[in-house]
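A.B. asks: Which chain is which? The protein sequence lines are Z and F, in order. Here the first sequence is numbered in the working numbering, starting from 152 and rising by one per residue. Here the second sequence is numbered in the working numbering, starting from 108 and rising by one per residue. Just so you know, even glycine gets a beta-carbon here, dropped at the ideal spot from N, CA and C.
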Amino acid sequence: MLKLALAKLPELCALMQKEAELLVPAKNKAGKVDYKAYAEGVEICLNEKTSRSAKDAFFPQVENLLKFKSEGKNLSLEQILPPDHATILFGVKACDARSFKLLDKVFLSNPVDSYYKARRENCLIIGLGCAEPEETCFCATFGIDATNPEADINTWVVGEELYWAPVSEKGKALTEKLSAIFVEADDKAVKEQGEATKNILSMLPLANFKIADKISAKELVTFNSKVWGDLSATCLSCCTCTYVCPTCHCYDIRDYKTDDNTTERFRCWDSCMASDFTKMAHGNPRKTKLERFRQRYMHKLVYFPENNGEYACVGCGRCLEKCPANLNIVKVAKALEVSDDV
Amino acid sequence: MQKINELMQAKAQELLAKGEIKKVLAWKAGEFFYDNAPAAFESEASCSEIIYNEFCPANLSKYLMASSKAGVKTAVFLKPCDTYGVNQLIKDNRVNREMVYAVGTPCSGMVDAKKIKAAGYKTLLKVEVNGDKIIVTTPKGQVELAKKDFLYNKCLMCKGNDYMICDEELAEKLPVPEFTGDRFAEVKAIEAMSSAEKFAFWQEELSKCIRCNACRDICPACNCEQCIFDNPEAPVAGKAYADSVEEQMFHIIRAFHVAGRCVGCGECARVCPQGVKLGLLNMKFMKDINSFFGKFQAGADAETRAPQVTFKEEDPEPNAAVEGGNSNA
Chain Z
152 MLKLALAKLP
162 ELCALMQKEA
172 ELLVPAKNKA
182 GKVDYKAYAE
192 GVEICLNEKT
202 SRSAKDAFFP
212 QVENLLKFKS
222 EGKNLSLEQI
232 LPPDHATILF
242 GVKACDARSF
252 KLLDKVFLSN
262 PVDSYYKARR
272 ENCLIIGLGC
282 AEPEETCFCA
292 TFGIDATNPE
302 ADINTWVVGE
312 ELYWAPVSEK
322 GKALTEKLSA
332 IFVEADDKAV
342 KEQGEATKNI
352 LSMLPLANFK
362 IADKISAKEL
372 VTFNSKVWGD
382 LSATCLSCCT
392 CTYVCPTCHC
402 YDIRDYKTDD
412 NTTERFRCWD
422 SCMASDFTKM
432 AHGNPRKTKL
442 ERFRQRYMHK
452 LVYFPENNGE
462 YACVGCGRCL
472 EKCPANLNIV
482 KVAKALEVSD
492 DV
Chain F
108 MQKINELMQA
118 KAQELLAKGE
128 IKKVLAWKAG
138 EFFYDNAPAA
148 FESEASCSEI
158 IYNEFCPANL
168 SKYLMASSKA
178 GVKTAVFLKP
188 CDTYGVNQLI
198 KDNRVNREMV
208 YAVGTPCSGM
218 VDAKKIKAAG
228 YKTLLKVEVN
238 GDKIIVTTPK
248 GQVELAKKDF
258 LYNKCLMCKG
268 NDYMICDEEL
278 AEKLPVPEFT
288 GDRFAEVKAI
298 EAMSSAEKFA
308 FWQEELSKCI
318 RCNACRDICP
328 ACNCEQCIFD
338 NPEAPVAGKA
348 YADSVEEQMF
358 HIIRAFHVAG
368 RCVGCGECAR
378 VCPQGVKLGL
388 LNMKFMKDIN
398 SFFGKFQAGA
408 DAETRAPQVT
418 FKEEDPEPNA
428 AVEGGNSNA
């Protein structure tokens, strides 16, 4: 275990920046914290959960794939290759760190997504142990240890110090390069913080929340439950839940015509809440709000576990915080659990 | 509030029992102490689940569109500020007045749990309101805070405790947060900026947007049956764009579209997951409408046509917008 004074954080960031592009959780003018490329003067914020999840680092909301232009009979094409530079993602909480493992199952299985893969492989993840879980948190439901993210290097902020422990080979190599800035430390303070955090976790309203096995046991029974009609009635069909979710991963591919007649083909996050989601030549397979709402939760609670052996949720609590109609995965799972038709 | 909650449950039961009203729109408890959710109640038995307290900020008026279209007579509990939205929906022919039974519901300001969290109480195990105090329980213990410091921004500009549409009042009106400031102070501060400063300000604000469309979907003035931004055939279809300036235009276009119809309910800013100062654009339009056409409040009734769709001889000429607008522009 190593440590350095928090006051030296800008110095540490400057050193890391020499190794790779550095992404840090930073406060914007409105007081919201989101990941941002580090530059001198960026206000790093380590004691809050980011407003958006960390998935942007590997799966940005928008990215161009191709440009093309036709002039007369000529068509010119420009392929936009996946980025190949190294990045460091700093300050990742345990929930978001687990989400990468789930996204890997989607993007790194055949056919492998070369854009995701390039970003993922070039990235070193520095985790940050949770010290202040919120009432909306339920990562323990998915066996996640909030105090110990699954990362290349783990860090903890205790008082005025940043504790640092390399985990993977990649993490050890970076730590070696930065070693001059650290001093050796024992793990007493980190252990104490871990105990305190676990104590808070045990007091949270969702501390004992479990997803009932029966929900995924009989797919068609769950699918046909009357619960979906009641739950979806007040859904506004906005895309908030899907966009802030660290595990939602659907995307669309679209064309955008620029002023000089060039077309940019880009992909962007999509949402099963959107009325044109998966619209095909024959129309939309899910015409009603009920069907679209159901799709999201069936995916998270039934289809994803069926295909990948895990729920597509990490308990980060963002949907609980941000849904304008206060709908969320916990409410859905609880309603399905008590429903007599599931 | 407990008393009003009981009256609300009884009223909902009574209305459903009469038979004409098939659905009641109210609030239902969530997972915590502050996340009461909009909910529809269709049976008398379910009315015992209705909750009403200082954590019911949601304006339920937009849900009337679907029930009105389906021909389901619906009773809705409306706080004073919510009534403006219902009038606007009726004026825009999206809601049939005959399909609505409006129950005026007293409110003395809604408490914003996000503000409590932002003040450093990150883990809210319990939040209770007691008169003008809020008692917050966190793992570190209990603290007592002043309610007035933790009201939703929209409540800080409360328009008063009168109902703009009301078939029946649920209980005696409550005193609302007193607002004596200038509603347009923030707009004026932006008007005073240079063009470059304005551009930088809005770029910072709007670049936070994730195009979730929550602002649009909650807005009583955004009541098109299909939004052009949802039309994949339209060149402006609403998913994120490769060009961020194009993407940011969404908010400006939306503000134009609801100008003269935006009732200033503040729901857009409340639901924004990214904390974009959305109401500000609308406030600019309101301020300009007031200065060009005389004081106008959308949703104050369901009949008066907005100034932009009413021709009067004394209306200002188009160049007034340049001359009489912002001299710093």
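Quick check on the burial criterion: 16 or more other C-beta atoms within 10 angstroms. Buried or exposed for Pro397 (chain Z)?
C.D. replies: Here the question's residue 397 (chain Z) lines up with position 246 in the first sequence. Buried: at least 16 other Cβ atoms inside 10 Å.
A.B. asks: Should Ala146 (chain F) and Trp134 (chain F) be called a contact, given that it needs their Cβ atoms to be closer than 8 Å?
C.D. replies: Position 39 of the second sequence, counted from the first residue, corresponds to residue 146 (chain F). Position 27 of the second sequence, counted from the first residue, corresponds to residue 134 (chain F). Against a cut-off of 8 Å, the Cβ pair of Trp134 (chain F) and Ala146 (chain F) comes out as a contact.
A.B. asks: Does chain Z have any CB closer than 8 Å to the CB of Pro380 (chain F)?
C.D. replies: In the second sequence, residue 380 (chain F) corresponds to position 273, counting from 1. Cβ-Cβ to chain Z under 8 Å: yes for Pro380 (chain F).
A.B. asks: Can you give me the Cβ contacts of Gln120 (chain F) inside the same chain, cut-off strictly under 8 Å, excluding the 5 residues immediately before and after it?
C.D. replies: To locate residue 120 (chain F), count along the second sequence from 1; it is residue 13. Hits under 8 Å: Glu151 and Cys154.
A.B. asks: Nearest-angstrom Cα distance between Lys408 (chain Z) and Glu415 (chain Z)?
C.D. replies: As a first step, residue 408 (chain Z) is located in the first sequence; it is residue number 257 there, counting from the start. As a first step, residue 415 (chain Z) is located in the first sequence; it is residue number 264 there, counting from the start. Roughly 6 Å separates the two Cα atoms.
A.B. asks: Could you give the C-beta distance for Leu196 (chain F) and Asn330 (chain F), rounded to a whole number, given that I count them as a contact under 8 Å?
C.D. replies: For the purposes of this step, residue 196 (chain F) is identified with residue 89 of the second sequence, where counting begins at 1. For the purposes of this step, residue 330 (chain F) is identified with residue 223 of the second sequence, where counting begins at 1. Their Cβ separation, rounded to whole angstroms, is 6 Å, which keeps Leu196 (chain F) and Asn330 (chain F) in contact under 8 Å.
A.B. asks: Taking the C-alpha atoms as reference points, what is the distance between Asp427 (chain Z) and Thr393 (chain Z)?
C.D. replies: What you label residue 427 (chain Z) is simply residue 276 of the first sequence in a count that begins at 1. What you label residue 393 (chain Z) is simply residue 242 of the first sequence in a count that begins at 1. Distance between the alpha carbons of Asp427 (chain Z) and Thr393 (chain Z): 15 Å.
A.B. asks: Kindly indicate which three-state DSSP category Asn435 (chain F) falls into: helix, strand or coil?
C.D. replies: If you number the second sequence from 1, residue 435 (chain F) lands on position 328. Low per-residue confidence applies at Asn435 (chain F): pLDDT is 39, beneath 50, and the placement is therefore not dependable, though the value from the model is reported in the following sentence. Asn435 (chain F): coil per DSSP, three-state reduction.
A.B. asks: Quick check on DSSP: helix, strand or coil for Gly495 (chain Z)?
C.D. replies: The requested residue 495 (chain Z) is not part of the displayed model; chain Z covers only 152 to 493.
A.B. asks: Got a sec: which bits of the stretch 126–152 of chain F sit with their beta carbon under 8 Å from any beta carbon on chain Z, in order along the chain?
C.D. replies: Answer set for the stretch 126–152 of chain F: Gly137, Glu138, Phe139, Asp142, Asn143, Ala144, Pro145, Ala146 and Ala147.
A.B. asks: Go ahead and pull the three-state DSSP assignment for Lys67 (chain F).
C.D. replies: This structure cannot speak to residue 67 (chain F), because chain F is shown only from 108 to 436.
A.B. asks: Are the C-beta of Gln212 (chain Z) and some C-beta of chain F separated by less than 8 Å?
C.D. replies: Along the first sequence, read from residue 1 onward, the residue named residue 212 (chain Z) stands at position 61. By this cut-off, Gln212 (chain Z) is an interface position.
A.B. asks: Could you tell me whether the Cβ of Thr181 (chain F) comes closer than 8 Å to any Cβ of chain Z?
C.D. replies: Here residue 181 (chain F) refers to the residue found at position 74 of the second sequence. Cβ-Cβ to chain Z under 8 Å: no for Thr181 (chain F).
A.B. asks: Can you list, in chain order, the residues of its chain whose CB lies under 6 Å from that of Pro73 (chain F), leaving out five sequence neighbours each side?
C.D. replies: For residue 73 (chain F) there is no data in the structure shown, the boundaries of chain F being 108 and 436.
A.B. asks: So with CB distances below 8 Å, who are the chain Z contacts of Leu231 (chain F)?
C.D. replies: Mapped onto the second sequence, residue 231 (chain F) falls at position 124. Ordered by position in chain Z, the residues that pass the 8 Å Cβ test against Leu231 (chain F) are Glu285 and Glu286.
A.B. asks: Against chain F, with Cβ distances strictly below 8 Å, would Asp130 (chain Z) count as a contact?
C.D. replies: Limits of chain Z in this structure are 152 at one end and 493 at the other, which puts residue 130 (chain Z) out of reach.
A.B. asks: Which residue comes first and which comes last in the alpha helix (DSSP H) that contains Asn112 (chain F)?
C.D. replies: Taking the second sequence and counting its residues from 1, the one referred to as residue 112 (chain F) is at position 5. Here the alpha helix (DSSP H) through Asn112 (chain F) covers Gln109 to Lys125.
A.B. asks: Less than 8 Å between CB atoms is the rule here; does Glu304 (chain F) satisfy it with respect to chain Z?
C.D. replies: Translated into positions along the second sequence, residue 304 (chain F) becomes position 197. So no, Glu304 (chain F) is outside the interface.
A.B. asks: Identify which residue in Z:Cys274, Z:Leu228, Z:Val213 and Z:Ser250 has its Cα closest to the Cα of Thr238 (chain Z).
C.D. replies: Translated into the one-based positions of the first sequence, residue 238 (chain Z) becomes position 87. Comparing Cα-Cα distances from Thr238 (chain Z) to each of Z:Cys274, Z:Leu228, Z:Val213 and Z:Ser250, the minimum goes to Z:Cys274.
A.B. asks: According to DSSP, simplified to helix, strand and coil, what is Gln310 (chain F)?
C.D. replies: As a first step, residue 310 (chain F) must be located in the second sequence, where it is residue number 203. If DSSP states are grouped into helix, strand and coil, Gln310 (chain F) belongs with the helices.
A.B. asks: Mind checking if Pro356 (chain Z) is an interface residue toward chain F, Cβ cutoff 8 Å exclusive?
C.D. replies: Residue numbering aside, residue 356 (chain Z) sits at position 205 when the first sequence is read from its first letter. With 8 Å as the cut-off, Pro356 (chain Z) counts as an interface residue toward chain F.
A.B. asks: Taking the alpha carbon of Met217 (chain F) as the point to measure from, which residue in F:Asn200, F:Asp239 and F:Tyr228 has its own alpha carbon closest?
C.D. replies: Translated into the one-based positions of the second sequence, residue 217 (chain F) becomes position 110. Closest option to Met217 (chain F), Cα to Cα, is F:Asp239.
A.B. asks: Mind checking Ala436 (chain F): buried by the 16 CB within 10 Å criterion, or exposed?
C.D. replies: Indexing the second sequence from 1 puts residue 436 (chain F) at position 329. Confidence is the limiting factor: at Ala436 (chain F) the pLDDT is only 35, short of 50, which leaves the residue's position unreliable and the question unanswerable from this model.
A.B. asks: Would you tell me roughly how many angstroms separate the C-alpha atoms of Asn433 (chain F) and His358 (chain F), rounded to the nearest one?
C.D. replies: Locating residue 433 (chain F) in the second sequence gives position 326, where the first residue counts as 1. Locating residue 358 (chain F) in the second sequence gives position 251, where the first residue counts as 1. Note that Asn433 (chain F) scores a pLDDT of 46, beneath 50, so its modelled location is shaky; the value from the coordinates is reported in the next line. So the alpha carbons of these two residues sit roughly 20 Å apart.
A.B. asks: Compare the Cα-Cα distances from Lys339 (chain Z) to each of Z:Leu216, Z:Ile195, Z:Glu320 and Z:Gly310 and report the closest residue.
C.D. replies: As a position in the first sequence, residue 339 (chain Z) is number 188, starting the count at 1. Cα-wise, what sits closest to Lys339 (chain Z) is Z:Gly310.
A.B. asks: Taking DSSP's pairing of strands, which residues face Trp420 (chain Z) in a bridge?
C.D. replies: The residue you call residue 420 (chain Z) lines up with position 269 of the first sequence. For Trp420 (chain Z), which the question treats as bridged, DSSP gives the partners Z:Tyr402.
A.B. asks: With a cut-off of 8 Å on the beta carbons, I'd call Val243 (chain F) and Val236 (chain F) a contact; round off their distance for me.
C.D. replies: Against the second sequence, residue 243 (chain F) aligns to sequence position 136. Against the second sequence, residue 236 (chain F) aligns to sequence position 129. At roughly 10 Å, the Cβ-Cβ gap does not stay under 8 Å, so Val243 (chain F) and Val236 (chain F) are not in contact.
A.B. asks: In three-state terms, what does DSSP make of Leu388 (chain F)?
C.D. replies: As a first step, residue 388 (chain F) is located in the second sequence; it is residue number 281 there, counting from the start. Helix.
A.B. asks: How about Pro425 (chain F) and Phe399 (chain F): are their beta carbons less than 8 Å apart?
C.D. replies: For this step, residue 425 (chain F) is matched to residue 318 along the second sequence. For this step, residue 399 (chain F) is matched to residue 292 along the second sequence. Not closer than 8 Å, so no.
A.B. asks: Once DSSP output is grouped into helix, strand and coil, what is the label at Asn215 (chain Z)?
C.D. replies: Taking the first residue of the first sequence as 1, we reach residue 215 (chain Z) at position 64. Strand.
A.B. asks: Would Leu157 (chain Z) count as contacting chain F if we go by Cβ distances under 8 Å?
C.D. replies: By one-based count along the first sequence, residue 157 (chain Z) stands at place 6. So no, Leu157 (chain Z) is outside the interface.
A.B. asks: So, are the CB atoms of Met206 (chain F) and Thr181 (chain F) less than 8 Å apart?
C.D. replies: Working through the second sequence from its first residue, we reach residue 206 (chain F) at position 99. Working through the second sequence from its first residue, we reach residue 181 (chain F) at position 74. It is a contact, given that the beta carbons lie within the stated cut-off.
A.B. asks: Please classify Asp406 (chain Z) as buried or exposed, where buried requires at least 16 neighbouring CB atoms within 10 angstroms.
C.D. replies: Taking the first sequence and counting its residues from 1, the one referred to as residue 406 (chain Z) is at position 255. Counting Cβ neighbours within 10 Å, Asp406 (chain Z) comes out exposed, since fewer than 16 surround it.
A.B. asks: Of all the options F:Val179, F:Ser314, F:Ile325 and F:His364, which has the alpha carbon lying nearest to the alpha carbon of Val416 (chain F)?
C.D. replies: The count along the second sequence starts at 1 and reaches residue 416 (chain F) at position 309. Out of F:Val179, F:Ser314, F:Ile325 and F:His364, F:His364 has the C-alpha closest to the C-alpha of Val416 (chain F).
A.B. asks: If you scan the stretch 208–235 of chain F from start to end, which runs of the beta strand (DSSP E) of 3 or more residues do you find wholly inside it?
C.D. replies: None, since the stretch 208–235 of chain F contains no complete beta strand (DSSP E) of that length.
A.B. asks: Give the residues of chain F in contact with Val309 (chain Z), contact being defined as C-beta atoms less than 8 Å apart.
C.D. replies: As a working note, residue 309 (chain Z) is residue 158 in the first sequence. Neighbours of Val309 (chain Z) on chain F: none; closest Cβ ~17 Å, over 8 Å.
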